[in-house]
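Student: So the sequences go chain by chain: A and B. The opening position of the first sequence corresponds to residue 1428 in the working numbering, with each subsequent residue numbered one higher. The opening position of the second sequence corresponds to residue 1428 in the working numbering, with each subsequent residue numbered one higher. Every residue gets a Cβ at the ideal spot worked out from N, C-alpha and C, and that includes glycine. Here the structure is a predicted model, which means the values were calculated and not measured.
There are 2 protein chains.
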Amino acid sequence: MTQDTVPPSSRRDSGSVTLQDIAAHAGVSRSTVSLVLRESPLVADRTRLKVQAAIKELGYVYNRGAAALRGSHTATLGVVVYDIANPFFGAMVAGIDAALNREGYVSFLANSEDSPERQQRFLERMREHRVDGILLCPAEGTPASLIETLADWSLPCVQVLRHIGEPPFDYASSDFARGVHQAVDHLVDLGHRRIAFLGGHAQHSATQERWQGYSEALAHHDLAYQSLMRGQVTRRAGLELIETLMRETPRPTAVICHNDLMAFGAMLGLKRMGLAPGVDCAVIGTDDVEEAALSDPALTSVATHPYAIGEEAARLALRRIADPGGAREQVVLAPHLQVRESCGNASQATAPASPTTSDSIA
Amino acid sequence: MTQDTVPPSSRRDSGSVTLQDIAAHAGVSRSTVSLVLRESPLVADRTRLKVQAAIKELGYVYNRGAAALRGSHTATLGVVVYDIANPFFGAMVAGIDAALNREGYVSFLANSEDSPERQQRFLERMREHRVDGILLCPAEGTPASLIETLADWSLPCVQVLRHIGEPPFDYASSDFARGVHQAVDHLVDLGHRRIAFLGGHAQHSATQERWQGYSEALAHHDLAYQSLMRGQVTRRAGLELIETLMRETPRPTAVICHNDLMAFGAMLGLKRMGLAPGVDCAVIGTDDVEEAALSDPALTSVATHPYAIGEEAARLALRRIADPGGAREQVVLAPHLQVRESCGNASQATAPASPTTSDSIA
DNA sequence: TTCTAGATTTGGATCAATCCAAAAACATCT
DNA sequence: AGATGTTTTTGGATTGATCCAAATCTAGAA
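(1) For L1745 of chain B, count neighbouring C-beta atoms within 10 Å of its own C-beta (all shown protein chains included) and say buried if the count is 16 or more, exposed if not.
(2) Kindly indicate which three-state DSSP category A1518 of chain A falls into: helix, strand or coil?
(3) If the cut is a Cβ gap below 8 angstroms, which residues of chain A does E1718 of chain B touch?
(4) In chain A, what lies closer than 8 angstroms to S1601 of chain B by C-beta?
(5) Answer yes or no: do C1770 of chain A and T1713 of chain A have a C-beta to C-beta separation smaller than 8 angstroms?
(6) Please list the partners that H1500 of chain A has in chain B, where partner means a Cβ-to-Cβ separation under 9 angstroms.
(7) Along the chain, where does the beta strand (DSSP E) that runs through H1763 of chain B open and close?
(8) Mark L1469 of chain B as exposed unless 16 or more other C-beta atoms lie within 10 angstroms of its C-beta, in which case mark it buried.
(9) Tell me whether R1545 of chain A is buried or exposed, calling it buried when 16 or more other Cβ atoms sit within 10 Å of its Cβ.
(10) Identify the residues that DSSP records as bridge partners of D1687 of chain A: which are they?
(11) Using the C-alpha atoms, what's the distance from L1625 of chain A back to L1655 of chain A?
(12) Can the beta-carbon of E1756 of chain B be found less than 8 angstroms from the beta-carbon of A1526 of chain B?
(13) Roughly how many whole angstroms lie between the Cα atoms of V1558 of chain A and A1633 of chain B?
(14) Buried or exposed: where does R1674 of chain A fall if 16 or more other Cβ atoms within 10 Å of its Cβ makes it buried?
(15) To which residues of the same chain is N1686 of chain A closer than 6 angstroms at the C-beta, ignoring the five residues directly before and after it?
(16) Measure from the alpha carbon of G1486 of chain B to the alpha carbon of each residue in B:T1445, B:L1617, B:V1520, B:M1553, then state which is nearest.
(17) At the level of alpha carbons, what is the spacing between R1621 of chain A and V1507 of chain A?
(18) Inspect the CB distances between the stretch 1575 to 1584 of chain A and the stretch 1602 to 1611 of chain A and report whether three or more fall short of 8 angstroms.
(19) DSSP has I1736 of chain A in a bridge; who is on the other side?
(20) Based on the DSSP output, what are the partners of R1657 of chain B in its beta bridges?
(21) So with CB distances below 7 angstroms, who are the chain A contacts of G1517 of chain B?
(22) Which parts of the stretch 1533 to 1591 of chain B are runs of the alpha helix (DSSP H), unbroken and 4 residues or longer, counting only runs that do not cross its ends?
(23) Please determine, among A:V1766, A:A1740, A:H1763, the residue with the shortest C-alpha to C-alpha distance to F1596 of chain A.
(24) Select from B:R1678, B:D1707, B:I1683, B:T1569 the residue whose C-alpha is nearest the C-alpha of Q1609 of chain B.
(25) Between V1797 of chain B and A1450 of chain B, how many whole angstroms is the CB-CB distance? I'm expecting something under 8 angstroms.
(26) Is there a C-beta anywhere in chain B that falls below 8 angstroms from the one on D1431 of chain A?
(27) Contact defined as beta carbons within less than 8 angstroms: I believe P1565 of chain A pairs with Q1547 of chain A. What is the distance between those atoms, to the nearest angstrom?
(28) Quick one: which residues of the stretch 1546 to 1565 of chain A get their C-beta closer than 9 angstroms to a C-beta of chain B? List them in chain order.
(29) Per DSSP, which one or two residues make a beta bridge with S1728 of chain B?
(30) Nearest chain B C-beta to Y1489 of chain A closer than 8 angstroms, yes or no?
(31) Return the CA-CA distance between L1695 of chain A and G1592 of chain A, expressed in angstroms with no decimal places.
(32) Determine whether the Cβ of G1492 of chain B lies closer than 8 angstroms to any Cβ atom of chain A.
(33) So which residues of chain B does S1534 of chain A contact, with C-beta pairs closer than 9 angstroms?
(34) Determine contact between the stretch 1663 to 1674 of chain A and the stretch 1641 to 1653 of chain A, defined as no fewer than three beta-carbon pairs at a distance below 8 angstroms.
(35) Starting from A1599 of chain B, trace the beta strand (DSSP E) both ways and give me its first and last residue.
(36) Residues in its own chain within less than 6 angstroms of E1768 of chain A by CB, not counting five upstream and five downstream?
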């Protein structure tokens, strides 16, 4: 009669139990409950337990929106990719998700479809939602000023896979140049001298780095032959480009592809021409997606570890959010060459016995 | 001196221009600015223009968090899938993204990895963020009570691809039973009589519906032969199961697979056994992922349109959010059979007389 | 000119948390 | 017991928008 500890049913009606309600029920103040929720060490153990019991009893649900309004962060990260339908991004997003989840963060995901306009809209929307930071895989044609704009917004941004402008900025990716270099090394070891490259025609860093790796590697091995074809980085483009390529004279004996999709297309194209991938022409892809292990023949590929890139990018973003003024970081993972069957096996290639069609002119 | 219209630089420092600031600058009240932002027809045109000018001039950024606190919705949707790395989900998420984007919504994406515990954590987190609704692809083993729990939370939830419990509930998917039925019909048309099925061993609706479609179709055609193998729905499982299957006597002449990944595995397995997919054994997949068109041989597949499912699911969720009490809806898209080469071509199977040179098949 | 219906506009309360300075409770040492 | 120092706890102010009832401003009619 003096104090009703639990108004039986009137509480869970409207679904909104507030800090105030808990405080009343536990006989403490709003502020104390807030401290308990945030796991502050200021609260005495006995009080903490009382409050936690009340929280459980009343079925309280933390309101992150209200907290964000007064506080300084939303525990929310914006993620903008340009092709979520691509399996590579699926894996990357899974990595991001895992890393964020550990810290209680949630991510807004948006798909720019490589359109700078869509990308811009998404970024503005995320800003309105007061995300703590952004993971951005910049759409092709993103203006160089975008990074400054984000800085003006004081929105921490980690660029992923591609970057616009020059460092310093936060960046997480794979060392694409090195990956292609490794692929060339491997082919040279196997005895190849005429190594072609099927690349993307787009102008972003991820494409350029691969070209660079390719030409550096050729120079390093004193190879005169060079053949660089550009197209979409799709299976279909791989199929079409390889046909053109195989009609060249002299014909390359190996081809490195921008990604695995192109490589699959190239292998299919070879088959359609009556040529055997790995025998008549070695093929190397990039990314090492799951299908690479099970294609026919199994594809040798430069593994770029999308899941790990996602994890690293997310962790870097969290670091930057915690320390916005800190030194910018570039996390560039080393790829590794996953050797399978699409380059033939060593015995075939390294011991060409007689017909060493010694490299001629390009 | 009486009124300073624009304090030149002191405003954009802290980055937070509020409704109050705009109101002062435009000479109106907070409330009016709010009405303008929400495109209320109550505001006179002249006032609206004045306010919009002030908004632009001061570089105001709408604070959706603050709005959500007082208002009733967050323009936010939670999306929980169980395998984001799967290309099917990539496409589906792209569809969701497109539909939400049109209405100004943003989505939180989470990956349950088919773990009910992870799923539960994510749902709680999303509740704390006060999402307006949930798109849920239930993890395997999700307790039947989950849907009630979400209802208790008064959180609108659309189940996608799989469902737990029985209608009425909101649900968006493909008619898997019908898809398998169509596949059987096609094979029977081609003259097949021994048709096997490679399915998943999991106990969710999506798997059961396919079994059901398979046995109904067999009954419909009075086929006595039946062979149903269960495993993971992965490429590797397809590869392993087909080998077992082809050692059976009598051997099936055709196999329908739970999804395309299994079908790719099955085709690879056939090749490894020295059998030709489409000649020695017809293969049909489900989903019609992009790779299906370019595999070797090109895969006949039951197209389930993940992008469209994503769009429909998102739109249904938005409808339910707008009208929480409305009648529950089941949006079940009709799949269609995408015929390619993995069942042989018509000339071999149906009309051995004339070599119809028409591109793929009729 | 006054009245009134209709169209605009407004201030105060509210949403549910956090921040912060100051108060209260408790322990320790003369 | 009193002075001092440490933990704990607290109320009031604050965050930035929306809701709502009431106030103000039209324009047309009496």
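Tutor: In brief:
(1) Within the second sequence, numbered from 1, the residue matching residue 1745 of chain B stands at position 318. Buried, by the Cβ-count rule.
(2) Mapped onto the first sequence, residue 1518 of chain A falls at position 91. Note: A1518 of chain A maps to helix in three-state DSSP.
(3) What you label residue 1718 of chain B is simply residue 291 of the second sequence in a count that begins at 1. In chain order: R1662, F1691, E1718.
(4) In the second sequence, the residue the question calls residue 1601 of chain B occupies position 174. In chain order: nothing, as chain A lies at least about 17 angstroms away.
(5) Start at 1 with the first residue of the first sequence, and residue 1770 of chain A comes out as number 343. Start at 1 with the first residue of the first sequence, and residue 1713 of chain A comes out as number 286. No.
(6) As a working note, residue 1500 of chain A is residue 73 in the first sequence. Under the 9 angstroms cutoff, chain B gives no residues; its nearest Cβ is about 11 angstroms from H1500 of chain A.
(7) As a working note, residue 1763 of chain B is residue 336 in the second sequence. 1763 to 1765 is the span of the beta strand (DSSP E), which, as asked, contains H1763 of chain B.
(8) Here residue 1469 of chain B corresponds to residue number 42 of the second sequence, with the count starting at 1. A residue is called buried when at least 16 other Cβ atoms come within 10 angstroms of its Cβ; L1469 of chain B does not meet this threshold and is exposed.
(9) Start at 1 with the first residue of the first sequence, and residue 1545 of chain A comes out as number 118. Buried.
(10) As a first step, residue 1687 of chain A must be located in the first sequence, where it is residue number 260. D1687 of chain A is not bridged to any residue.
(11) Numbered from 1 along the first sequence, position 228 holds the residue referred to as residue 1655 of chain A. Numbered from 1 along the first sequence, position 198 holds the residue referred to as residue 1625 of chain A. If I take the Cα positions, the gap works out to 6 angstroms.
(12) The residue given as residue 1756 of chain B occupies position 329 in the second sequence. The residue given as residue 1526 of chain B occupies position 99 in the second sequence. With respect to A1526 of chain B, E1756 of chain B sits apart: the two C-beta atoms are not nearer than 8 angstroms.
(13) The count along the first sequence starts at 1 and reaches residue 1558 of chain A at position 131. The count along the second sequence starts at 1 and reaches residue 1633 of chain B at position 206. Answer to the nearest angstrom: the Cα atoms are 36 angstroms apart.
(14) Start at 1 with the first residue of the first sequence, and residue 1674 of chain A comes out as number 247. Exposed: under 16 other Cβ atoms inside 10 Å.
(15) Numbered from its first residue, the first sequence carries residue 1686 of chain A at position 259. Once the five neighbours on either side are set aside, the close Cβ partners of N1686 of chain A are V1660, T1713, D1714.
(16) Here residue 1486 of chain B corresponds to residue number 59 of the second sequence, with the count starting at 1. G1486 of chain B has its Cα closest to that of B:T1445, out of B:T1445, B:L1617, B:V1520, B:M1553.
(17) Sequence index remark: in the first sequence, residue 1621 of chain A carries index 194 (1-based). Sequence index remark: in the first sequence, residue 1507 of chain A carries index 80 (1-based). If I take the Cα positions, the gap works out to 39 angstroms.
(18) no
(19) Counting from 1 along the first sequence, the entry for residue 1736 of chain A is found at position 309. BP columns for I1736 of chain A are empty, so no partner.
(20) Start at 1 with the first residue of the second sequence, and residue 1657 of chain B comes out as number 230. BP columns for R1657 of chain B point to B:G1626.
(21) Taking the first residue of the second sequence as position 1, residue 1517 of chain B is located at position 90. I1511, A1512, N1513, P1514, F1516, G1517, listed in chain order.
(22) 1543 to 1555, 1573 to 1579
(23) As a first step, residue 1596 of chain A must be located in the first sequence, where it is residue number 169. Out of A:V1766, A:A1740, A:H1763, A:A1740 has the C-alpha closest to the C-alpha of F1596 of chain A.
(24) Against the second sequence, residue 1609 of chain B aligns to sequence position 182. Ranking B:R1678, B:D1707, B:I1683, B:T1569 by Cα distance to Q1609 of chain B puts B:I1683 first.
(25) No answer is possible for residue 1797 of chain B: it lies beyond the span of chain B, which begins at 1428 and ends at 1789.
(26) For the purposes of this step, residue 1431 of chain A is identified with residue 4 of the first sequence, where counting begins at 1. Note that D1431 of chain A has pLDDT 34, beneath the 50 cutoff, so the model's placement of it is unreliable and the number below is only indicative. Output row for D1431 of chain A: interface = no.
(27) As a first step, residue 1565 of chain A is located in the first sequence; it is residue number 138 there, counting from the start. As a first step, residue 1547 of chain A is located in the first sequence; it is residue number 120 there, counting from the start. Incorrect: roughly 11 angstroms between the Cβ atoms, too far for contact.
(28) When C-beta distances to chain B are compared with 9 angstroms, the residues of the stretch 1546 to 1565 of chain A below that value are R1548, F1549, E1551, R1552, M1553, R1554, E1555, H1556, R1557, in chain order.
(29) Position 301 of the second sequence holds residue 1728 of chain B. DSSP lists B:G1712, B:Q1765 as partners of S1728 of chain B.
(30) For the purposes of this step, residue 1489 of chain A is taken as residue 62 along the first sequence, with counting starting at 1. Interface annotation, Y1489 of chain A: in contact with chain B, CB-CB separation under 8 angstroms.
(31) Walking along the first sequence from the start, residue 1695 of chain A turns up at place 268. Walking along the first sequence from the start, residue 1592 of chain A turns up at place 165. Taking the straight line from one Cα to the other gives about 37 angstroms.
(32) As a working mapping, residue 1492 of chain B is identified with position 65 in the second sequence. So yes, G1492 of chain B belongs to the interface.
(33) Locating residue 1534 of chain A in the first sequence gives position 107, where the first residue counts as 1. Correct list: F1535, L1536, A1537.
(34) no
(35) If you number the second sequence from 1, residue 1599 of chain B lands on position 172. Here the beta strand (DSSP E) through A1599 of chain B covers 1597 to 1601.
(36) Locating residue 1768 of chain A in the first sequence gives position 341, counting from the first residue. Excluding residues within five positions, the ones whose Cβ falls inside 6 angstroms are G1705, P1724, A1725.
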